[in-house]
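Chemist:
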Amino acid sequence: MAEFKLVLSTKDGKSYQREVKDQDAAGLIGKKIGETVKGEEIGLTGYEFEITGGSDFCGFPMRKDVPGTTRKKIYAVGGVGIKRKAKGIKQRKNVCGNTISPKIAQINMKVTKQGSAKLSESAGAEGAEEKKETAEQKKEEKKEEKPEAKEGNKG
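Converting from the sequence shown to the working numbering requires adding 94 to each position, the first position being numbered 1.
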C-alpha cells in the first residue's frame, strides 16, 4: 500500500500539505516529473496539478533527467540535489529517478488549473490551524510554569 505526502504549491507562493493513501496514491504510481495530474485522482475536484519533483523515504531528491524509479549515483555540476562548491566542480551524488514508485515519500506539485473550492480549505489547512492552537496553548502553559519556579528559588 502506497502512502504519499503531497506538497501543493499555488501561484501566490503558498504551499499546502496533504496525505494521500491507498486508492488515491495508486493513481500516482508510474507518473513522471512534468506530467499533469487531475485533481479528481487525489480528491480535489476541479484542480489540475503538475508534478515538479519529490523525494524518497530516505530523503534523496528526484531528478527529471534520471530515468526510472531506482536510486542512482550521478556525476553532475548543478541542479536538484547538488550544492555548488565552486564553478565547474563536478560532484558524485545519489538521487532518485523521475518516476513515482511506492518508495517515494513526498511528491511536490504545482497548481496549473484552479478548482471551485479554495485549496486552503480542501487541502487541510484546518489541521494547520489546530497545530497553531496547540502551540499557543503550550506557550501559555510554559509562561504559567515559569513564575512558580522562580518563587520556589527565592525562599
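Glycine included, every Cβ here is placed at the ideal spot set by N, Cα and C. Quick caveat, the model's predicted, so the values are computed rather than measured.
#1: Comparing alpha-carbon positions, which option in 144, 122, 150, 125 lies nearest residue 197?
#2: Would a C-beta distance cut-off of 8 Å place residue 141 and residue 208 closer than the cut-off?
#3: I need the boundaries of the beta strand (DSSP E) containing residue 213, first residue and last residue.
#4: On the DSSP letters alone, give me the boundaries of the beta strand (DSSP E) that residue 119 sits inside.
#5: Helix, strand or coil, according to DSSP, for residue 175 in the structure here?
#6: So the beta strand (DSSP E) residue 131 belongs to, where does it begin and stop?
#7: I need the straight-line Cα distance from residue 68 to residue 171, nearest angstrom please.
#8: If contacts are defined as beta-carbon pairs under 8 Å, then residue 160 and residue 191 qualify, I think. What distance do you get, rounded to the angstrom?
#9: In its own chain, which residues sit with a C-beta less than 7 Å from the C-beta of residue 235, not counting the 5 before and 5 after it?
#10: At what residues does the beta strand (DSSP E) containing residue 157 begin and finish?
#11: Going straight from the alpha carbon of residue 181 to that of residue 135, what length do you get?
#12: Going by DSSP in three states, residue 201 sits in which element: helix, strand or coil?
Modeler: Here's the rundown:
#1: 150
#2: For residue 141 and residue 208, yes; Cβs fall inside 8 Å.
#3: It is not in any beta strand (DSSP E) - residue 213 instead sits in the alpha helix (DSSP H) that spans 213-216.
#4: Per DSSP, residue 119 belongs to no beta strand (DSSP E); it is in the alpha helix (DSSP H), 116-120.
#5: Secondary structure of residue 175 (DSSP, three-state): coil.
#6: 130-132
#7: Given that the chain is displayed from residue 95 to residue 249, the structure contains no residue 68 and the question cannot be resolved.
#8: 5 Å
#9: Nothing meets the Cβ criterion.
#10: Looking at the DSSP string, residue 157 is not in any beta strand (DSSP E), and its letter there is neither H nor E.
#11: Cα to Cα, the separation comes out at about 43 Å.
#12: strand
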